[in-house]
Amino acid sequence: MAPSFDTPPREDTPNDSESPLWEIKAIPGKGQGVLATRFITPGTLLFHEKPLLTTETLTDPSTTEKQLARLLRALPKESQRAYLSLHNNYPGQGSPLTNIIRSNAYPLGPSSPIGGIFKNISRINHSCLPTTQHSWNEKRQEFVVYAVRDIQPGEEITTSYHMGGPSAERKAELEEFFKFVCTCALCSLPPSELKKSDARLIRAASLDQAVGDAETVMKAPEKVLKTCKSLETIYREEGIQDQRVGRLYWDAFQICNRHGDLARASAFARKYRERKVLGEGEDSTGAEEALIFILDPKKDDSYGGTQRWRSRVQDIPKDLSEAEFEKWLWRQ
């Protein structure tokens with residue numbers, strides 16, 4: 000997951016024959032990375048991989064290295080080479096096999112205690128403004144990576160190891176946990192532009208916290224919905240296209256649903272689903288569940304604390320321009 004200075008696996012990657020969208024190459028200052036081989040549009044599935052191995056059976060920290068050695072010996076030779084070629088953020092410290100896990104594992108689902116190591120996905124380097132979004136697909140039992148913005152031929156395909164915050168905070172945490180100094184496009188902005196970006200991201204963190212205030216959601220939902228809209232504006236200004244946008248629409252869905260506004264709740268559920276499809280795929284759990292709430296928001300537990308904004312799903316206006324619809328949606 001950190002900049003990978005090791006030699007990539009020699010065998011062909013399993014995705015190459017299916018979709019030659021990318022290649023693993025040396026990148027100056029970063030070691031190995033993943034580059035686009037042609038123009039890639041948002042919503043394109045770039046990777047879908049089953050883990051080489053997982054941490055599920057690694058229950059005793061005192062024997063982790065021995066357990067990993069046994070797991071590796073049971074793998075095909077090409078998978079062993081793939082694992083051993085991954086970057087170690089902690090050279091000379093502790094146990095090398097364990098350190099590869101520490102450096103490269105992705106959680107197999109939100110808040111999952113189980114991590115997985117992936118042959119190709121673990122080669123994707125970090126950017127604070129990534130070109131992709133990654134997630135564990137429960138139905139596929141695979142880790143998937145989707146493009147969330149246009150990617151030009153020869154451009155590096157990136158993901159994010161750190162979600163938001165001002166540049167100094169991001170850099171400090173990335174250096175502490177992943178042992179590299181971030182030089183991504185966002186962190187490398189001219190000082191005046193970086194200062195503006197930092198101010199927006201600090202405000203975004205404050206707004207995000209305010210959206211989660213349950214008491215204000217009940218007593219002053221107009222204020223919280225306005226806060227959501229302000230957060231959307233910052234994300235647009237910052238060029239943010241990752242899961243934070245979907246979470247924002249889910250928050251707006253729950254605010255409207257809490258107060259019986261089924262029309263707007265349905266519309267926000269649709270926006271939420273669009274983001275899930277873009278970044279996680281049609282068959283993701285979030286995208287499939289959102290279909291239920293588009294048709295009937297009442298099926299979510301957030302429904303009906305009050306009927307302050309009471310409306311029906313069929314009350315969604317049909318003949319508005321996009322700008323007019325957005326004003327209606329955000330109660331402006």
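Residue numbering for the sequence shown follows numbering that gives the first Met the number 0, starting at 0 and increasing by one per position.
Built from N, CA and C at the ideal position, the CB exists for glycine as well.
From which residue to which residue does the alpha helix (DSSP H) around residue i run?
i: K218; result: 213-218
i: S134; result: Not the alpha helix (DSSP H): S134 falls in the beta strand (DSSP E), residues 131-136.
i: K317; result: Run containing K317: none; DSSP gives neither H nor E here.
i: E168; result: 166-177
i: S265; result: 261-279
i: Q208; result: 190-210
Mind checking residue i: buried by the 16 CB within 10 Å criterion, or exposed?
i: P2; result: Since pLDDT at P2 reaches only 44, below the 50 mark, its modelled position is unreliable, and the value read off the structure follows with that caveat. Looking at its Cβ environment, which holds 16 or more other Cβ atoms inside 10 Å, P2 is buried.
i: D299; result: buried
i: F38; result: exposed
i: V180; result: exposed
i: R309; result: exposed
i: E158; result: First, the amino acid is wrong: residue 158 is Thr here, not Glu. Flag for T158 reads buried.
i: E279; result: buried
i: G259; result: buried
i: L328; result: buried
Thinking C-beta only, is residue j closer than 8 angstroms to residue i?
i: L247; j: R272; result: no
i: F176; j: I120; result: no
i: L107; j: T53; result: yes
i: K275; j: S283; result: yes
i: Q240; j: R148; result: yes
i: L51; j: I99; result: no
i: A204; j: G245; result: no
i: R202; j: I156; result: no
i: Y89; j: R101; result: yes
i: S126; j: A184; result: yes
i: L200; j: E172; result: no
Sort the options by Cα distance to residue i and report the nearest one.
i: G42; options: P27, T130, L74; result: T130
i: H161; options: A286, Q66, Q242; result: Q242
i: V216; options: K178, N256, A146, E192; result: N256
i: L44; options: I293, E141, E287, E221; result: E141
i: K225; options: N136, Q132, D250, I201; result: D250
i: G153; options: K24, I113, S78, L328; result: K24
i: V312; options: R202, L294, G303; result: L294
i: K49; options: R101, R139, N88; result: R139
i: E325; options: K270, G285, K297; result: K270
i: G30; options: L128, S78, L85, L20; result: L85
i: T40; options: S191, A262, L277, T97; result: L277
i: I150; options: K170, L20, P189; result: L20
Tell me whether residue i counts as near the ligand HEM, meaning its Cβ is closer than 7 angstroms to at least one heavy atom of that ligand.
i: D299; result: Looking at this structure, you won't find the ligand HEM or any other ligand, since it has none at all.
Bridge partners of residue i, per DSSP?
i: P106; result: G114
i: H125; result: T158
The beta strand (DSSP E) that contains residue i, what's its start and end?
i: F46; result: 44-48
i: E335; result: Since the displayed the chain opens at 0 and closes at 331, residue 335 lies outside it and no answer follows.
i: K29; result: Per DSSP, K29 belongs to no beta strand (DSSP E) and is neither H nor E.
I'd like to know whether the C-beta of residue i is nearer than 8 angstroms to at least one C-beta of chain B.
i: T56; result: Looking for chain B here will not work: only one protein chain is present.
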